[in-house]
Each structure stands twice: as structure tokens, then as C-alpha cells.
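Residue numbering for the sequence shown follows the working numbering, beginning at -14 and increasing consecutively.
Glycine included, every Cβ here is placed at the ideal spot set by N, Cα and C.
What you are looking at is a predicted structure, and each value in this text was computed from that prediction instead of being measured.
As C-alpha cells, the structure follows; a few thoughts come after it.
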Amino acid sequence: MAHLLRAEYGPSGPAGGVARWHVVRAADPSRGMCGAEIASDAESRPEEAWGTGLHCCQQCGSLYLHEVPFLRSDHSDHAGRTR
């Protein structure tokens, strides 16, 4: 499932900057995984930007991690582990 980060703006709108970033499913870019409504003209970033220091919605982040668990590409950190 593809995801995006979408901006939520504060009371000043885009001119006031991004208040927080929400994770959305690409199939429904107008609703954060937490249920927040996202403006149709809100800035978007690729899902790879999650966890890079952006102020992201904690609830969206938790739900995102359940859908897209992290595994290093070389999997060496997981080799042979039983617990």
C-alpha cells in the first residue's frame, strides 16, 4: 500500500507554515490515517520523508508503522535472531 505525507496548516493557512504532517494512504489523500481531513491543495511529500525530523502526527505514525514495518534492506540485523 502506498502512502504520502500531507501537510496540515495552522490558523494562518499555508502562509503560516505546516503545523504537522499526516500520513495518508495514496488511495485517499484527503484523510490522514488518524482521521484528520486534509485540504486538497495541501503540500505532499513522499512516505520516505517520515521519520526524518518533520513534525508528524503521532497517531498517523503509529498506524503507519503497523502497515509498513521497517526492515533493513540487507536484513543482517535480523539474521539468526530468535527473540
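May I ask you to report which of helix, strand or coil DSSP gives residue i?
| i | result |
| --- | --- |
| Ala(-8) | strand |
| Glu22 | strand |
| Pro14 | coil |
| Ser(-3) | coil |
Note down, in chain order, each residue of its chain lying with its Cβ closer than 8 angstroms to the Cβ of residue i, except the 5 sequence neighbours on either side.
| i | result |
| --- | --- |
| Leu(-10) | Trp6, His7, Val8, Val9, Ser29, Arg30, Pro31, Glu32, Ala34, Trp35, Leu39, Cys41 |
| Glu22 | Ser15, Arg16 |
Which residues share a DSSP beta bridge with residue i?
| i | result |
| --- | --- |
| Trp6 | Ala(-8), Cys41 |
| Pro31 | Leu(-11) |
Near residue i, what residues of its chain come up, given a Cβ to Cβ distance below 6 angstroms and the 5 sequence neighbours on each side ignored?
| i | result |
| --- | --- |
| Gln44 | Cys19 |
| Ala0 | none |
| His51 | none |
| Leu48 | Met18 |
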